[in-house]
Amino acid sequence: MFLSTHPTQEEASSHVASQIIARINTFRPTQNRKFILCLPTGGTPFLVYRELARRCEEGEVSFEHVITINLDEYVGLGSEHPQSYCHFMEENLDIPPNQSHLLPGHPIPPNTTPEHSCASYESLITSLGGIHLLFMGIGENGHIGFNEPGSSFGGRTRVIKLDEGTRGVNARFFDDPSEIPTHALTMGIGTIREAREMIVLALGKKKAEAVRRAVEDGVNHLCPASALQLHENVRFVTDNEASQNLRETTKTYLMAQVPAEPSPPSQDERHGPNVTLVKRPNRPNALRGSSFNLSLSPLSPREESHQHTWSRPPSPVSARNKANDEIIAVQGTNGDQKTALDTSKHDEDNEPEPPTKTLLSQGKIKINEKLNVKNDKGDEDCQVM
Numbered sequence: 001m002f003l004s005t006h007p008t009q010e011e012a013s014s015h016v017a018s019q020i021i022a023r024i025n026t027f028r029p030t031q032n033r034k035f036i037l038c039l040p041t042g043g044t045p046f047l048v049y050r051e052l053a054r055r056c057e058e059g060e061v062s063f064e065h066v067i068t069i070n071l072d073e074y075v076g077l078g079s080e081h082p083q084s085y086c087h088f089m090e091e092n093l094d095i096p097p098n099q100s101h102l103l104p105g106h107p108i109p110p111n112t113t114p115e116h117s118c119a120s121y122e123s124l125i126t127s128l129g130g131i132h133l134l135f136m137g138i139g140e141n142g143h144i145g146f147n148e149p150g151s152s153f154g155g156r157t158r159v160i161k162l163d164e165g166t167r168g169v170n171a172r173f174f175d176d177p178s179e180i181p182t183h184a185l186t187m188g189i190g191t192i193r194e195a196r197e198m199i200v201l202a203l204g205k206k207k208a209e210a211v212r213r214a215v216e217d218g219v220n221h222l223c224p225a226s227a228l229q230l231h232e233n234v235r236f237v238t239d240n241e242a243s244q245n246l247r248e249t250t251k252t253y254l255m256a257q258v259p260a261e262p263s264p265p266s267q268d269e270r271h272g273p274n275v276t277l278v279k280r281p282n283r284p285n286a287l288r289g290s291s292f293n294l295s296l297s298p299l300s301p302r303e304e305s306h307q308h309t310w311s312r313p314p315s316p317v318s319a320r321n322k323a324n325d326e327i328i329a330v331q332g333t334n335g336d337q338k339t340a341l342d343t344s345k346h347d348e349d350n351e352p353e354p355p356t357k358t359l360l361s362q363g364k365i366k367i368n369e370k371l372n373v374k375n376d377k378g379d380e381d382c383q384v385m
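For what it's worth, full-length UniProt numbering labels the leading residue of the sequence shown as 1, then goes sequentially.
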């Protein structure tokens with residue numbers, strides 16, 4: 001697992017856009033070999049989509065051979081309802097119908113049920129060959145998609161009852177409280193975990209505790225996002241506010257050597273940060289922490305300056321290591337490093353400007369007029385999941 005933190009919401013969103021573009025361009029999709037991209041809705045992705053639009057307009061990436069699928073949808077809202085996620089995608093990402101797949105919240109296709117629609121969605125994902133990259137947010141209560149606390153880690157796409165906290169966050173988007181959906185269709189955590197790679201974006205201090213629980217606490221059904229610790233290729237991206245509750249500050253160093261008999265620490269070193277040495281196993285570009293795997297990829301110099309890899313040793317240790325063991329994690333427990341993650345302050349209710357309308361038709365995203373889009377949901381309430 002990676003976690004990279006960035007000073008502002010804009011920089012974090014730009015980083016996510018860069019990651020998506022890099023994956024598509026590396027894959028080199030063609031007519032007969034599509035790239036399958038899972039996308040979220042709500043507040044979190046607005047800045048990401050705007051950055052993708054700009055860079056696609058400049059020719060940096062093409063979506064001509066990219067297939068998109070969505071994480072979730074409300075039950076009971078028609079596709080024309082301004083708060084339905086179908087409406088959100090059609091208004092903000094004008095993707096050709098044969099390249100976009102949405103969960104049918106309402107109306108349900110004739111002679112079927114929501115459960116049948118969910119089963120068909122699972123079959124669709126399988127027929128596409130699985131998801132190459134899944135991009136999503138995280139809810140204030142740690143939910144991913146609409147998988148609320150208590151959801152099974154092996155769950156598939158299904159109908160789920162929404163948590164009252166999630167409905168409360170969404171209430172501001174509905175004039176009539178009776179219109180607030182009580183149920184939704186969502187990819188299950190089991191379906192999500194089958195994606196080859198995941199990027200989780202968290203913005204704003206309201207997401208700080210959810211990020212801490214997902215990254216630092218143990219795997220727990222009461223925090224659905226903690227299930228991502230079990231995946232080998234997950235990248236959390238946050239702004240400073242969303243990372244401010246993290247207790248550990250672990251900086252990754254690659255290919256550093258430690259002598260066979262380390263010399264005793266000096267008096268000054270004894271009072272400095274604790275150091276944990278974690279031995280690299282015999283497979284490339286990977287770490288193994290005490291409770292989950294941490295996968296690595298090459299970093300650019302700029303990215304490396306903001307990169308944090310969160311391992312969880314049981315306690316700071318001092319031990320003798322064999323010759324040529326590699327120092328791959330240095331654990332600091334002093335407060336100064338923690339403070340460095342909290343240098344940017346935003347107003348709690350700060351949100352991004354309304355999104356720009358983006359078009360992906362014919363492999364291009366074009367920037368059109370600004371929209372006054374209110375569409376959101378609890379796990380995407382980023383004050384910019």
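Heads up, the beta-carbon is just placed ideally off N, CA and C, and yes, glycines get one too. Treat the numbers as computed from the prediction; the structure is a model and nothing was measured.
DSSP puts residue i in a beta bridge; with which residues?
i: residue 239; result: 6
i: residue 60; result: DSSP, once it has assigned bridges, lists no residue as partnering residue 60.
i: residue 100; result: 68
i: residue 34; result: The partner list for residue 34 (beta bridge, DSSP) is empty, contrary to what the question assumes.
i: residue 183; result: 161
i: residue 223; result: 220
i: residue 147; result: 144
i: residue 39; result: 70
i: residue 199; result: 135, 235
Please name the residue in the options whose C-alpha comes closest to that of residue i.
i: residue 214; options: 206, 204, 228; result: 228
i: residue 140; options: 90, 183, 96, 202; result: 202
i: residue 7; options: 238, 216, 128, 44; result: 238
i: residue 31; options: 208, 187, 206, 128; result: 128
i: residue 218; options: 208, 207, 230; result: 230
i: residue 389; options: 204, 235, 236; result: The shown model of the chain, from 1 to 385, leaves out residue 389, and the question about it has no answer.
i: residue 26; options: 210, 183, 66, 177; result: 66
i: residue 182; options: 195, 240, 189, 159; result: 159
i: residue 56; options: 75, 21, 33, 124; result: 21
i: residue 206; options: 113, 43, 156; result: 43
i: residue 54; options: 77, 13, 136; result: 13
i: residue 184; options: 1, 157, 174, 216; result: 157
i: residue 211; options: 242, 174, 220; result: 242
i: residue 135; options: 193, 118, 220; result: 193
i: residue 161; options: 208, 147, 168; result: 147
i: residue 18; options: 36, 35, 61, 1; result: 61
From residue i to residue j, what does the alpha carbon distance come to, in whole angstroms?
i: residue 138; j: residue 59; result: 30 Å
i: residue 233; j: residue 187; result: 18 Å
i: residue 120; j: residue 104; result: 11 Å
i: residue 312; j: residue 197; result: Summary for residue 312: the model assigns pLDDT 44, below 50, so the residue's position carries little reliability; its value from the coordinates is reported in the next sentence. When rounded, the distance between both Cα atoms is 22 Å.
i: residue 16; j: residue 199; result: 7 Å
i: residue 9; j: residue 247; result: 21 Å
i: residue 101; j: residue 95; result: 10 Å
i: residue 68; j: residue 41; result: 12 Å
i: residue 70; j: residue 45; result: 13 Å
i: residue 150; j: residue 224; result: 7 Å
i: residue 335; j: residue 240; result: Interpretation of residue 335 is limited by its pLDDT of 40, a score under 50 that renders its predicted location unreliable; the figure taken from the coordinates is listed afterwards. Whole-angstrom Cα-Cα distance: 15 Å.
i: residue 48; j: residue 38; result: 14 Å
i: residue 143; j: residue 133; result: 19 Å
i: residue 33; j: residue 75; result: 33 Å
i: residue 131; j: residue 195; result: 5 Å
i: residue 63; j: residue 155; result: 30 Å
i: residue 51; j: residue 23; result: 15 Å
i: residue 153; j: residue 189; result: 5 Å
i: residue 77; j: residue 99; result: 23 Å
i: residue 114; j: residue 11; result: 39 Å
i: residue 180; j: residue 220; result: 28 Å
i: residue 208; j: residue 118; result: 32 Å
By the 10 Å Cβ neighbour count, where 16 or more other Cβ atoms means buried, how is residue i classified, buried or exposed?
i: residue 97; result: exposed
i: residue 4; result: buried
i: residue 166; result: buried
i: residue 126; result: exposed
i: residue 28; result: exposed
i: residue 226; result: buried
i: residue 72; result: buried
i: residue 89; result: buried
i: residue 116; result: exposed
i: residue 177; result: exposed
i: residue 191; result: buried
i: residue 145; result: buried
i: residue 222; result: exposed
i: residue 112; result: exposed
i: residue 124; result: exposed
i: residue 164; result: exposed
Compare the C-beta of residue i against all C-beta atoms of chain D and say whether one is closer than 7 Å.
i: residue 66; result: Although the question refers to chain D, the structure presented lacks it and comprises just one protein chain.
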